[in-house]
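Going by our numbering, the sequence shown opens with residue 636, and the numbers climb by one from there.
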Amino acid sequence: MNPQAKLLSITSLFLGSTITITSNHWIMAWTGLEINTLAILPLISKSHHPRAIEAATKYFLVQAAASALLLFSSMTNAWYTGQWDITQLTHPASCLLLTTAISIKLGLVPFHFWFPEVLQGTSLTTGLLLATALKFPPITLLLLTSPSLNPTLLTIMAVASTALGGWAGLNQTQTRKILAFSSISHLGWMTIILVYNPKLTLITFYLYCLMTIPIFLTLDTIKTLKLTTMSTAWTKIPPLTATLMLMLLSLAGLPPLTGFLPKWLIIQELTKQEMTPTATIIALLSLLGLFFYLRLAYCATITLPPNSINHMKQWQTNKSTKMLITTFITLSIMLLPLSPMIFTTP
């Protein structure tokens, strides 16, 4: 891809996200989301493979429909209340339409079908942007409008997302699709607590990004797209592949790793809100995700493929692991001791 075109796309992504996050007016928020959609399309389709073109087309159609719904929601609210302010979304029909629009943009169940297909059709670096950076503006809009949203609807969608993210990820063999269903499952955890403690939703999103970034970067470094290639990739950079297991277990939410922190805080908050059955259900559903994370970790570090004696192993690369990946790996594994700071922050 042309460096100037890539720079323009990345700059537009920053611009679109900044406009949406900082705006008070619905039209400005919608403009930022549209800039984001148009900026990511060249990055999705840059390989010119039919699969990438299909992914870009699907992404454009889905995001355009979601943006139209969001605009319709804000216009309906302005028609009935005279308010274009994002925090003044009070009309029930507008709230329902907005929930639908943001759910489509994020890939929440039952509007999740596009996300695994788009992620499968792109490169790992573009997939990383789709799974982390491009989810931030819609989540910000959800946070701003959270007092007006229907908690029952959000809870049902959150539990369904966690369940489907776990179930659908079980029989996948493509690492990008597994990470897509992992993203859907984590979105369920973020959504379930949104109305009761919006700050906790933001913390969960930040920690999810912190754990997902090193996994995508590691898979990109060892050039692994399938489980079959993952079992033979350990010879390339053995230390990196070994830490991949810890990162995957952190994403699964096992103590004493970083990923345990958001799940622990969310279950604690749900119990305070007298939603113990919901907390129990969502905690049990996360075991489904744990299974496919363990399978990934098993393939990455423990499995040796059935070889004949004269099988030629892949060359071990001499290149050192980048400092960026090392930093993110450390943070994705060792942040749990910082949890008292989160409890004490106002």
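Ideal placement from N, C-alpha and C gives every residue a C-beta, glycine not left out.
What you are looking at is a predicted structure, and each value in this text was computed from that prediction instead of being measured.
Taking the CA atoms as reference points, H683 sits about 38 Å from L779. One alpha carbon belongs to T761, the other to I688, and they sit about 14 Å apart. At a Cβ-Cβ threshold of 8 Å, T936 and T876 count as neighbours. Secondary structure at K957: coil, using DSSP grouped into helix, strand and coil. L835 and L822 have their C-alpha atoms some 13 Å from each other. Per the coordinates, the alpha-carbon of A664 lies some 16 Å from the alpha-carbon of S738. Within the model, the alpha-carbon separation for A766 versus T757 is close to 12 Å. For Q903 against L860, the beta-carbon gap comes to about 38 Å, at or over 8 Å, which does not count as contact. In this structure, the beta-carbon distance from L759 to F816 does not fall below 8 Å. Note on geometry: alpha-carbon atoms of L754 and M976 lie some 35 Å from one another. When DSSP states are grouped into helix, strand and coil, Q903 belongs to the helix group. For I857 and A868, the gap between their C-alpha atoms comes out near 7 Å. In the DSSP assignment, K861 forms a beta bridge with Q809. The stretch 919 to 929 makes contact with the stretch 877 to 887; the number of CB pairs closer than 8 Å reaches 3 or more.
S729 places its beta carbon 8 Å or farther from that of S702. Annotated three-state conformation of H660 is strand, per DSSP. Here the alpha carbons of I656 and I813 stand approximately 29 Å from one another. In the DSSP secondary-structure assignment, D720 is bridged to H660. With a beta-carbon spacing of about 30 Å, A713 and V744 fall beyond the 8 Å limit used to define contacts. In summary, H747 is buried, with 16 or more beta-carbon neighbours lying within 10 Å of its beta-carbon over all protein chains present. Residue I827 holds the alpha-carbon nearest to the alpha-carbon of I901 among M969, I827, P912. For the pair L769 and F840, the Cα-to-Cα distance works out to about 12 Å.
Looking only at K641, A674, T666, N659, the smallest Cα-Cα distance to L648 is reached by A674. Residue state for G804 is assigned as helix, using DSSP reduced to three classes. Going by DSSP, W749 is part of the alpha helix (DSSP H) stretching over 749 to 755.
About 30 Å separates the Cβ atoms of P874 and I838, ruling out a contact at the 8 Å cut-off.
Here the alpha carbon of L973 sits roughly 46 Å from the alpha carbon of P685.
Burial is judged here by how many other beta carbons sit within 10 angstroms of a residue's own beta carbon; P912 has fewer than 16 and is exposed. Counted as a single uninterrupted DSSP element, the alpha helix (DSSP H) harbouring K834 occupies residues 833 to 856. Using a 10 angstroms sphere on the CB of M958, the tally of other CB atoms stays under 16, which defines it as exposed. Put simply, the backbone Cα of M882 is about 32 Å away from that of P638. C-alpha of I917 to C-alpha of A640: approximately 43 Å in a straight line.
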